[in-house]
Structure formats: C-alpha cells, structure tokens
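Step one of this worksheet: look at the structure below.
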Amino acid sequence: MTTEEKTTAAPPAPTGENPEFAQPEYRTDIRLDADEDPGDRMILNMGPQHPSTHGVLRIVLEVDGERVVRAIPDVGYLHRGKEKIGESLGYHRYIPYTDRLDYLAPLANNCSATWAFEKICGIEAPPRAQAIRTICCELARISAHLLGLGAYGMDVGAMTVFLYTFTERETLYNFFEHLTGARFTTTYTRIGGVSRDADDEWLRAVHQFVSGFDEKVDTWENLLTNNRIWRIRNEGIGVITRQMALDYGLTGPVLRASGVAYDVRKDRPYGLYDQVDFDVPVGQHGDCYDRYLVRIEEMRQSARIVKQIIDKMPDGPVLADEPKYVLPDKQGVMTGMEELIHQFMLITGEMDTPKGEVHSHTELPKGEGGYIIRSEGGAAPWRLKYRAPSFVNLQVLKDILPGVLLADIVAILGSIDFVMGECDK
Amino acid sequence: MERVTESCMVYTDEAPEGVSEAVRNALTPFGVKWSEHPVHGGWPGCLVDRARWAEAFQALKEQAGFDMLVDHTAVDYPERAGERFTVLGLAMNLETQERIMLRTRVPEGESVPTLVHLWKSADWAERETFDMFGIPFEGHPELTRIYMPQDFDGWPLRRDFPMQGHNRFKD
C-alpha cells in the first residue's frame, strides 16, 4: 500500500455512532445514572497501576464521598497463558514456568507442580528430596509472608516493617541462591526429586536462621501487633464471615482467619508434613487484623517445621531411580553419551506418561494451589489446570469492599495478600 | 491432529471404594456413571447428565454437606463425536475432607447449567471456563471474558487454537 492510498483510505474519525467503531460493552463500564443528581457519587478507577494493588489488579469503584458503594475487580492484565504453555511444552519443560506463577514463592510453586507431575507418572521422590522440598516450601512461605507483611505495613503507613522484613528476605534469598543457583527464578525441582542436593553447610545455616527466627518475629510484632494506629486501621475492617469464605471457596490464611481450620498440610499431608509437629493458627473475626495475626503465627510455625526436618534429615539420593520419567544426573549428562541422549529424549518429548486424570493440591503461601491434569499419554498433559489461590481469593472483594472507606481498601488488599502473576496465570 | 477421545477415563455403574454413603445416596437419583478407579492420586469422580449438572451439585451440597466448590474447568476433545467438551467441577466437604469430581459432556455451542446460585465462587470459575473454551453457562449473571480482552477472537485453551495465536501475522 502506498502513502497516497493510505491517506485516501483513512477512516473517518470515530463518532461513537458508527457500529464499526462501537466499542464492546465491558462489564467494568459502570456509569452513574444520568437522570439522578450524583451528589458526592463518582466512578473511580483504582489500578491497574495503583501501588497498593501489588501488580496489575484493577478495581472499578463507585464511591459516595469516601465510602465505597460498588466495587468491580477486574483481572487478566498479566495473563500469559500458562496452561496453554504447559499443554504444549510438556511436564519437564513446564517447571521453569511455575517460577513465574506466584513469583514471591517460586520454590513452593516448583514443588507443587512436581508433586502433581509425579502423581501422573506414578512415581515418588526419595525421602531426602521430599525433606528438601518441604524445607523449601516453608522457607518460601516465610519469604512470601514477609513480603506480604512488609508491603501491607507500608500501604497502611508503617514504613519501618518493610525494611525489617526485607532484611530477612535477603537472608532467605541468599539461602535460595546457595541451594538452587538462582535467587528468584529457582526452577529447583525435577520430576522424581530435586536438581541438586543440599549440603551440610546450607542445612546448618538454615537451622541457625530458623532457630533465631522467633525473636525476629517478636521484633516485628512489637512494631505492629499492639500499635494503636495499626489496630485502628485493621480491626473490624474487611470482615469475611465463615459462610462467605466457604461460598467464595477461599483458602489459605484468608480462610483460616475466618475461623476455618483448613490446611492441606494437616488434612492431606504430602512431603514430610505428616512427620512434623505444627499448629494451624485460626482467627475468630475474619477481619484484616486476624489475617495479619494468622500470617505472623504461620511464619513461626514454618520455622518450627524447618527446624524439625533438619534435625532428622534423611540420607540418600535426591533423584528417584525411574529412568522412564526422571532426567539423568547432570554430571552424567555433561560427560556421558548415554545420559546426554537420555536427557535429550526426555526433554524433547519422548516421555510417555500413563493415561489418567490426577488432582494434586498443596498449601501454597496464598492458599490451596491445585493441579488437575489429564493425560492421554505422551510427554505433555492433554489438559493442565492450575487452581490459582489468588484468583479465587480476590473474588471476595466485590462483597467486602462495598461500605468501607476508600483508605481501608489498601488495608484489605494488603491483608488478602495476592499476587497477580498467580492470579492471572 | 492426533485422534484422541476421552480414553483415559473408563466409566462403570459401580461406585468405587472410598465413596461415602452420603455421596452415594445423594448421587444415585441422577443415574451417574462412576469413573472406574480414583486414578492415582485423584478423587472419586462421576459422569453426570448435562441437564442435571446443577441439580447434582445441589444434592451434594444439601444432602452430603459439600460446602466448597474447589475447582472448575473443562477439557477439549475436538475429535470426539457429538460431545466435544467435558466440564469438570470439584467439590469438597470441609468436615470429612471428602472431595468428588463431577464431570459432564457438552457439544460445541450448547450450554451447561450454572452453579452460581450454589456457590459464589462459581462466578469467576465459570467465566474462566467460558473465556478459555467458549462453553456458555446458562443462568450465569455476567458471562463475559475474564482473562482475555473482551474483543478477543477465539477460545485459547481449545486444542485446535494455535499456540502462537491465530492473529499473529495480521496487522
């Protein structure tokens, strides 16, 4: 097409009447009634770039002065088609993508996915790998809750907490780096185990960290738990009743703060959770303050779990001896022909999984993460469905936001503690 | 495309072991077909008639105390004659920790009764399934796309939707 043609063919400016230029009606296109006197009412668009929405959550609000009348959460700005990727790449090659789901706890996501994939293959990781995974899950939980707490505090105005929690996160990220070789996108687990063993030095350092963890939590609690401003900002705000929590299918700390003691680690233990002793904290009121308390206690319990596992760390290999599904040892791949061919075959799609359907669920930092996997044979799942806890938890916003003050929204968002990477998949 | 029908599931009339009495009683009137074995690590599941999809969940909720809809999705079998999609719904009884996966089959273009009146979580869950597969849910208050843009063309998680997207070389 030449330039002249382009100018002559330029479409007329959209008038809004030409059906060709009519925009589709979005469900977030809410408008005030034109015939009525709006008074103090207005439509306010919060996000997708609002700092307190921790990513790209958009909430369309109808406010009456400072009071929210109607709230419509809008998600999907970060949708990357994770399930489609999984269905076309296959099991082995999907694990790096799980890092980017809940990007505040990549290790927990790695483990969650591998546990599901092992179920479809019908194999199990050896005890030492399970122990390392359990430690990883709990360290990831601490790390995710720390960021949640820091960001939550900062949104509500308690800036100091953020600096404290990020210092601890730095320590944790150093642990992750030592163990997995990466601080953030860990891709640590493999089907049938983990990519490399944890050395004694690492275990000693982690043990030392979790042994002194309680005192650190005390420090943060000193800053917040009985802080007058913190309590006024959070007590009685964003109450989620037990019934509401069940109706919306909430899971994780949000559900437990509403008085339901449901924790996958207790009710359907996986990994080594059946061999450790820990409590499930439960709230009473379901408000922001209870959700904060539940998270604080969960961090203490996580440290307790890690300590117990390191104390009775099993010995042995970290990869199962199942050559049909498990990648060969990396050292072998680098030096031996057979292993190289074997790895190449598995990765490029010569793996044949049994047919069947599995559902595997684990307790991620934000709630229950579950995989429904349909296998029709072959190296890739026929259907891979990831239940993103943040996605399910966010839905409750449209019920709890109406009636609250505009400034309370940031407290509620902070206390629900969601990650859009996971929500939007 | 490789010819794949739902060969991973085998259905029988007999309920597998581990299904509680309450669930059996609640689902018997619906003439469900049970999947032969709770596949490794899976949950007992059964196939329900599409017209009675919502009623079956209602029976589970009211008679067997299933109080949460945990997950909801669909599977696409483009080559299967007649009924292209299998819709899955996973419900949980919080007290007994029992879970059950209900499935139903639906041809392309036809709708499945909604579960929104039973669980509010079905709202977004069904919108997601609609967005990804184009399966309409009858009675859903606002069945619009949730992840994809509203004016997006196509249903991304259908097996015949190309990985790169089909608008790649258009301007």
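Chains as they are written, first to last, in our numbering: chain H, 27 to 451; chain D, -16 to 154.
Built from N, CA and C at the ideal position, the CB exists for glycine as well.
Between residue 30 of chain D and residue 74 of chain D, the beta carbon gap of about 15 Å keeps them out of contact (Cβ cut-off 8 Å).
At a cut-off of 8 Å, the C-beta of residue 169 of chain H has no neighbouring C-beta in chain D. Membership of residue 206 of chain H in the alpha helix (DSSP H) is indicated by the continuous run 185 to 206. It is roughly 8 Å from the alpha-carbon of residue 68 of chain H to the alpha-carbon of residue 87 of chain H. At a cut-off of 8 Å, the C-beta of residue 233 of chain H has no neighbouring C-beta in chain D. Out of H:450, H:449, H:435, the CA that lies nearest to the CA of residue 72 of chain H is found in H:435. The C-beta distance from residue 261 of chain H to residue 315 of chain H rounds to 5 Å, short enough to meet the 8 Å contact threshold. Within the same chain, 161, 164, 236 come within 6 Å of residue 332 of chain H by CB-CB distance, once the 5 residues on both sides are set aside. For residue 413 of chain H, at least one C-beta of chain D is nearer than 8 Å to its own C-beta.
Of the residues H:422, H:367, H:101, the one whose Cα lies closest to the Cα of residue 441 of chain H is H:422. Residue 380 of chain H: not part of any beta strand (DSSP E); DSSP gives it neither H nor E.
The beta carbons of residue 97 of chain D and residue 37 of chain D sit about 7 Å from each other, so the pair counts as a contact at 8 Å. Residue 215 of chain H has its alpha-carbon roughly 38 Å from the corresponding atom of residue 126 of chain D.
Per DSSP, the unbroken alpha helix (DSSP H) holding residue 368 of chain H starts and ends at 363 to 373. For residue 143 of chain H, the three-state secondary structure derived from DSSP is helix. Here the alpha carbon of residue 446 of chain H sits roughly 7 Å from the alpha carbon of residue 416 of chain H. Only those residues of the region 240 to 255 of chain H whose C-beta falls short of 9 Å from the nearest C-beta of chain D would be listed, and there are none.
Residues 97, 99, 109 of the same chain have their beta carbon placed closer than 7 Å to that of residue 123 of chain D, with the five preceding and five following residues left out of the count. With a minimum length of 4 residues, the unbroken runs of alpha helix (DSSP H) contained wholly in the region 4 to 50 of chain D fall at 4 to 10, 36 to 46. Listed along the chain, the chain H residues whose CB falls inside 9 Å of the CB of residue 73 of chain D are 385, 396, 398, 413.
By the criterion of at least three beta-carbon pairs nearer than 8 Å, the region 306 to 320 of chain H is not in contact with the region 188 to 205 of chain H.
Counted as a single uninterrupted DSSP element, the alpha helix (DSSP H) harbouring residue 113 of chain D occupies residues 105 to 116. Residue 412 of chain H has H:397 as its beta-bridge partners, per DSSP. Each residue's CA atom was taken as its position, placing residue 177 of chain H and residue 443 of chain H some 9 Å apart. In the three-state DSSP reduction, residue 72 of chain D falls in the strand class (E or B). For chain H, the residues of the region 93 to 113 of chain D that bring a beta carbon within less than 7 Å of one of its beta carbons are 102, 103, 104, 106, 107, in chain order. Contact with chain H is found for residue 130 of chain D, since one of that chain's Cβ atoms lies less than 8 Å from the residue's Cβ. DSSP, reduced to helix, strand and coil, places residue 219 of chain H within a strand of the structure shown.
Judged by DSSP secondary structure, residue 245 of chain H falls outside any beta strand (DSSP E) and instead within the alpha helix (DSSP H) spanning 239 to 250. By a beta-carbon distance limit of 8 Å, residue 69 of chain D does not contact residue 112 of chain D. Their separation comes to about 11 Å. Between residue 18 of chain D and residue -8 of chain D, the C-beta spacing is below 8 Å. With its beta carbon less than 8 Å from one in chain D, residue 274 of chain H belongs to the interface.
Pairing residue 183 of chain H with residue 253 of chain H, the inter-Cα distance amounts to about 12 Å. Proximity of chain D to residue 110 of chain H at the Cβ level (cut-off 7 Å) is accounted for by 139, 140, 146, in chain order.
For residue 118 of chain H, no Cβ of chain D is located within less than 8 Å of the residue's own Cβ. Only exposed fits residue 64 of chain H, as fewer than 16 other CB atoms lie within 10 angstroms of its CB.
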